[in-house]
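Residue numbers (the numbering used here): 6 to 281. For each residue, glycine too, the CB sits at the ideal point set by N, CA and C. All values reported here derive from a predicted model rather than from experimental measurement.
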């Protein structure tokens with residue numbers, strides 16, 4: 006998934022303090038422009054996981070005087086908050102330095118401040134985000150439909166214990182990071198190890214009785230040991246990288262059943278998928 010992915014970021018405290026500090030109510034707003042949603046989520050996780058100790062080894066750069074917290078309202082709308090009243094307006098510059106400080110993201114995103122400094126008299130024209138993202142956020146433990154990015158009418162569905170691909174049916178799947186607790190709503194990124202479980206109410210037909218499902222009444226996905234490793238529900242959950250889910254699953258055709266199957270293709274045969 007490449008292209009352009011935009012995120013709006015604001016500081017509610019800065020807006021609330023604007024009248025008393027004689028600055029624009031738009032103070033502290035940023036437009037972040039990423040090469041993909043994957044990169045946006047990875048920067049969000051990096052910022053969310055920042056440590057604010059006065060240890061000079063932390064992140065190998067500046068020591069932060071006042072910690073801030075990043076809150077995810079939606080995939081394309083974030084807020085950052087400070088834990089001290091009266092600090093937010095000056096602290097906007099601190100957040101600006103911080104979110105631009107990760108060298109690994111330098112060539113993958115740009116950040117535009119939507120107001121000028123000083124009196125904040127000049128406000129950059131507020132952008133219109135093209136093709137906004139809808140649907141369930143990619144958070145640990147959420148349930149999703151899985152569809153093809155280029156042909157969004159093609160969905161995964163479970164029929165006769167195998168994951169098939171088609172236009173007429175769809176099943177829902179729970180995606181869970183193996184490093185997180187069930188109630189930890191972390192945004193999932195490509196390097197996370199995950200398991201995938203089918204939601205029973207959305208299965209078309211199955212004869213499978215689960216014995217080792219991670220979550221009661223859900224069905225872990227395994228690989229069929231055949232010439233083509235088709236995806237199916239099975240006893241032992243397979244651990245994936247979240248990034249593999251998007252790039253290393255392709256579609257195989259079985260002339261006997263006249264059906265398309267979701268198939269693990271690690272050598273370049275995979276298609277692009279999205280959670281929705």
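* Would the region 164-181 and the region 74-83 be scored as touching if the rule is three or more Cβ pairs under 8 Å? -> They do not touch, by the three-pair rule.
* From 208, 144, 160 and 174, pick the residue whose C-alpha is nearest to that of residue 185; which is it? -> Residue numbering aside, residue 185 sits at position 180 when the chain shown is read from its first letter. If we check each option's Cα against that of residue 185, 144 comes out closest.
* Does any C-beta atom of chain D lie closer than 9 Å to the C-beta of residue 9? -> No chain D is part of this structure, which consists of one protein chain only.
* To do: Just the C-alpha distance for residue 201 and residue 111, rounded to the nearest angstrom, thanks.
  => To locate residue 201, count along the chain shown from 1; it is residue 196. To locate residue 111, count along the chain shown from 1; it is residue 106. Straight-line Cα distance between these residues: approximately 32 Å.
* Could you tell me which of 238, 260, 277 and 233 sits nearest to residue 253, measuring between CA atoms? => Residue numbering aside, residue 253 sits at position 248 when the chain shown is read from its first letter. Ranking the options by Cα distance to residue 253, first place goes to 277.
* What are the boundary residues of the alpha helix (DSSP H) that residue 251 is part of? -> Start at 1 with the first residue of the chain shown, and residue 251 comes out as number 246. Its alpha helix (DSSP H) spans residues 247-252.
* **Limits of the unbroken beta strand (DSSP E) element including residue 184** => Position 179 of the chain shown, counting from 1, holds the residue named residue 184. Per DSSP, residue 184 belongs to no beta strand (DSSP E) and is neither H nor E.
* **Beta-carbon proximity of residue 199 to residue 236, cut-off 9 Å** => Reading the chain shown from its first residue, position 194 is the one you call residue 199. Reading the chain shown from its first residue, position 231 is the one you call residue 236. Taking 9 Å as the Cβ cut-off, residue 199 and residue 236 do not qualify as a contacting pair.
* Can the beta-carbon of residue 257 be found less than 9 Å from the beta-carbon of residue 171? -> The count along the chain shown starts at 1 and reaches residue 257 at position 252. The count along the chain shown starts at 1 and reaches residue 171 at position 166. Not in contact: residue 257 and residue 171 (Cβ atoms no closer than 9 Å).
* Limits of the beta strand (DSSP E) - the one that residue 51 falls within -> In the chain shown, counting from the first residue as 1, residue 51 sits at position 46. Counting along the chain, residue 51 falls outside any beta strand (DSSP E), though it belongs to the alpha helix (DSSP H) covering 42-53.
* To do: Please classify residue 242: is it buried, with 16 or more other beta-carbons within 10 angstroms of its beta-carbon, or exposed?
  => Position 237 of the chain shown, counted from the first residue, corresponds to residue 242. Buried is the call here.
* Whole-angstrom distance between residue 234 and residue 226, CA atom to CA atom -> Locating residue 226 in the chain shown gives position 221, counting from the first residue. Locating residue 234 in the chain shown gives position 229, counting from the first residue. When rounded, the distance between both Cα atoms is 12 Å.
* **Backbone CA spacing between residue 54 and residue 100 [nearest angstrom]** => Numbered from 1 along the chain shown, position 49 holds the residue referred to as residue 54. Numbered from 1 along the chain shown, position 95 holds the residue referred to as residue 100. Cα atoms of residue 54 and residue 100: separation of roughly 14 Å, rounded to the nearest angstrom.
* Asked: Nearest-angstrom Cα distance between residue 210 and residue 166?
  -> The residue labelled residue 210 in the question sits at position 205 within the chain shown. The residue labelled residue 166 in the question sits at position 161 within the chain shown. Straight-line Cα distance between these residues: approximately 7 Å.
* Selection from 280, 33, 12 and 207 that minimises the alpha carbon distance to residue 18 -> One-based indexing of the chain shown puts residue 18 at position 13. For the residues 280, 33, 12 and 207, the minimum Cα distance to residue 18 belongs to 33.
* Asked: residue 276 by DSSP, collapsed to three states: which one?
  -> Start at 1 with the first residue of the chain shown, and residue 276 comes out as number 271. Here residue 276 carries a strand assignment [DSSP, helix/strand/coil].
* Asked: Taking C-alpha atoms, which residue in 15, 97, 113 and 38 lies nearest to residue 77?
  -> By one-based count along the chain shown, residue 77 stands at place 72. Sorting 15, 97, 113 and 38 by C-alpha distance to the C-alpha of residue 77 places 15 at the top.
* Asked: How about residue 270: is its Cβ closer than 8 Å to a heavy atom in the ligand FAD?
  -> The ligand content of the structure shown is nil, which means the ligand FAD is not present either.
* Asked: Comparing alpha-carbon positions, which option in 255, 279, 281 and 259 lies nearest residue 272?
  -> Here residue 272 is taken as the residue at index 267 of the chain shown, counted from 1. Check the Cα spacing between residue 272 and each of 255, 279, 281 and 259: the tightest is with 255.
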